[in-house]
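Colleague:
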Amino acid sequence: MPLHSYTTEKTGSLEVICGPMFSGKSEELIRRLRRATIAKQKTGVFKHSLDNRSTLKSVVSHNGTTLEAFATYTPEAIAALVEDNDIAVIGIDEVQFFDTTIISVICTMVNKGKRVIVAGLDTDFRGVPFGSMPTLLSIADSVAKLQAICTECGDNAIFTQRLVDGRPARYDDPIILIGAQEAYQARCRGCYLIDKKPFVLQL
Ligand code: ADP
Ligand code: ZN
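For what it's worth, the numbering used here labels the leading residue of the sequence shown as 412, then goes sequentially.
The structure is reproduced here in structure tokens:
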């Protein structure tokens, strides 16, 4: 009787890379995918198209490295492309933008033996856990929580500061503000500013 049961079937895995904007998530995703390519594994890169179209776009990191990606609107479109192209290693950037069906799509791919690597914001500009990220972090095989550099003081930054017309955004500001100039910065706990932050996080 062997101590361990062995299987010839390949097991899949889920790796999550998270952190605020500018923390190097895209860079790290690109690095892992390049290594998989060097290992002669078939890779596929995906990101949300943000509108109802599927096109080719690039994953571009803030330091300029790029990787060609499929931009899709639905998680099911990712599953279909992975199936059709027999992709073994799947990278998904900005995973927080997909609807919650991304969770079951990822689980299905992992169960089929795929290596799935996702990158995304763990919290939104209010500091609230973002979309499917809490679930993906919980079910992941590995998690990398990256930090950026605070634009105000140079400390490690875990927050994404939203600025509207140069001022810190309010907690209940709408996600889309018509006609306003918007910007995002990485900030540390001390320099991150937001009004009406709930004392207890409401989930
Ligand atoms: P993310 O995907 O997390 O937004 P990227 O991989 O696109 O991050 O970009 C990381 C790169 O951004 C860094 O290597 C650095 O060159 C650049 N960068 C610009 N501003 C900052 C900052 N405030 N903190 C850290 N890196 C920064
Ligand atoms: Zn700071």
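Cβ atoms here follow ideal geometry from the backbone N, Cα and C, with glycine treated the same way.
Starting from T571 and walking both ways along the beta strand (DSSP E), at which residues does that stretch end?
Modeller: Its beta strand (DSSP E) spans residues 570-575.
Colleague: Taking 7 Å as the line, does the beta carbon of N474 fall inside it for any heavy atom of the ligand ADP?
Modeller: Correct: N474 has its Cβ closer than 7 Å to the ligand ADP.
Colleague: Where I503 and E439 are concerned, what is the direct C-alpha to C-alpha distance, given to the nearest angstrom?
Modeller: Looking at the two C-alpha atoms, the distance is approximately 12 Å.
Colleague: Starting from R598 and walking both ways along the beta strand (DSSP E), at which residues does that stretch end?
Modeller: 593-598 is the extent of the beta strand (DSSP E) around R598.
Colleague: So, for T477: in the same chain, excluding its five sequence neighbours on each side, which residues have a beta-carbon less than 7 Å away from its beta-carbon?
Modeller: Within the same chain, T477 has close Cβ partners S469, V470, V471.
Colleague: Quick check: is any heavy atom of the ligand ZN less than 7 Å from the C-beta of R598?
Modeller: Yes - the ligand ZN has a heavy atom lying nearer than 7 Å to the Cβ of R598.
Colleague: Which first and last residues belong to the beta strand (DSSP E) in which C518 is found?
Modeller: That residue, C518, is in no beta strand (DSSP E); its alpha helix (DSSP H) goes 512-522.
Colleague: According to DSSP, is P431 helix, strand or coil?
Modeller: P431 falls in the coil class under three-state DSSP.
Colleague: Using the Cβ count rule (16 or more neighbours within 10 Å means buried), how would you classify S434?
Modeller: It is buried - the Cβ of S434 has at least 16 other Cβ atoms within 10 Å.
Colleague: Can you list the beta strand (DSSP E) stretches of 3 or more residues lying completely in the segment 428-503, in chain order?
Modeller: The qualifying runs are 454-459, 466-471, 477-483, 500-503.
Colleague: Using only the alpha-carbon positions, how far apart do E479 and A491 sit?
Modeller: So the alpha carbons of these two residues sit roughly 18 Å apart.
Colleague: From the DSSP output, which residues share a beta bridge with S553?
Modeller: Per DSSP, E426.
Colleague: Below 8 Å, how does it come out for the segment 444-460 and the segment 544-563: are there three or more Cβ pairs, yes or no?
Modeller: Contact between the segment 444-460 and the segment 544-563 is absent, because fewer than three Cβ pairs lie under 8 Å.
Colleague: Verify the contact flag: C561, CB atom, against every heavy atom of the ligand ZN, threshold strictly below 7 Å.
Modeller: C561 Cβ: within cutoff of the ligand ZN.
Colleague: To which residues of the same chain is C564 closer than 6 Å at the C-beta, ignoring the five residues directly before and after it?
Modeller: C602.
Colleague: Rounded to a whole number of angstroms, what is the C-alpha to C-alpha distance between Q507 and V516?
Modeller: If you take the alpha carbons of Q507 and V516, they lie about 14 Å apart.
Colleague: Can you round the beta-carbon distance between R598 and F570 to whole angstroms, since I take them to be within the 8 Å contact cut?
Modeller: The pair is a contact, with the Cβ atoms about 5 Å apart (cut-off 8 Å).
Colleague: Would you identify the three-state DSSP class for V529, choosing helix, strand or coil?
Modeller: Of the three classes helix, strand and coil, the one that applies to V529 here is strand, per DSSP.
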